[in-house]
Amino acid sequence: MTVKEIVKRYGNKRENLLQILHDLQNQSPQKYLNKKDLEILSEEMKIPLSDIVGTASFYSMFSFTPRGKYLIRICESPPCHLLGAPAIFKVIESKLGIKEGETTPDGLFTLEGTSCLGICGVAPAMMINEEAYGNLTEEKISQILDQIREKESKR
Ligand code: FES
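So, in structure tokens, the structure goes:
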């Protein structure tokens, strides 16, 4: 979808900005908000570009730099933190060879922290793109990442 089409779908009122930014980022293969799209959005919504960037910067879910095909977001809120999120980070960092905020050289994975994902009952939890995973253990994480790698190697 073009930026224009997304704006048309929701309407160009300011209250729709977050949803539009969300859709824009989701449809980007590298899951980020690029400058050209934001410039078009600014024109379409009649909101200054600096204002749009300021709004998007406030939310950790938005990125202005390209990310991997699979965006891993580990919940860092207190329940997940207490039940092992720091260890989950370490496992993924060592398995993928990247630190928080980085992307693997093959462009496949980006690792980020996030606030509560709304599935605290299965803490520690994470999301990979739109899919949620809970009750994480080292073994479970290895399985999930191996499955993704296997799927990608067949493409
Ligand atoms: S605290 Fe982690 S999902 Fe809510």
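With this note's numbering as the guide, the letters of the sequence shown map in order to residues 9 to 163. We treat Cβ as the ideally placed atom computed from N, Cα and C, and that holds for glycine.
Residue i, buried or exposed, once every other Cβ within 10 Å from all chains shown has been counted against 16
i	result
Lys107	exposed
Phe97	buried
Thr145	exposed
Arg81	buried
Gln151	exposed
Thr111	buried
Lys12	exposed
Pro132	buried
Lys44	exposed
Lys39	buried
Gly129	exposed
Reduced DSSP secondary structure (H/G/I, E/B, other) of residue i
i	result
Thr73	coil
Met135	strand
His122	The amino acid at residue 122 is misidentified as His; the sequence shows Thr. Reduced to three states, the DSSP call for Thr122 is strand.
Tyr141	strand
Ile149	helix
Ile127	coil
Ser161	helix
Lys21	coil
Supposed contact pair residue j and residue i - C-beta distance, whole angstroms, cut 8 Å
i	j	result
Leu29	Leu41	6 Å
For the stretch 78-118, which segments carrying the alpha helix (DSSP H) assignment without a break, of at least 4 residues, lie completely within its bounds, in sequence order? 86-90, 93-104
Evaluate contact between the stretch 19-35 and the stretch 46-54, counting only Cβ atoms and requiring at least three cross-stretch pairs below 8 Å. yes
Report yes or no: do the stretch 117-127 and the stretch 61-69 share at least 3 C-beta pairs separated by less than 8 Å? yes
Runs of alpha helix (DSSP H) wholly within the stretch 39-68 (minimum 4 residues, chain order): 43-53, 57-66
Touching by the beta-carbon criterion (3+ pairs, under 8 Å), the stretch 56-63 and the stretch 102-116: no
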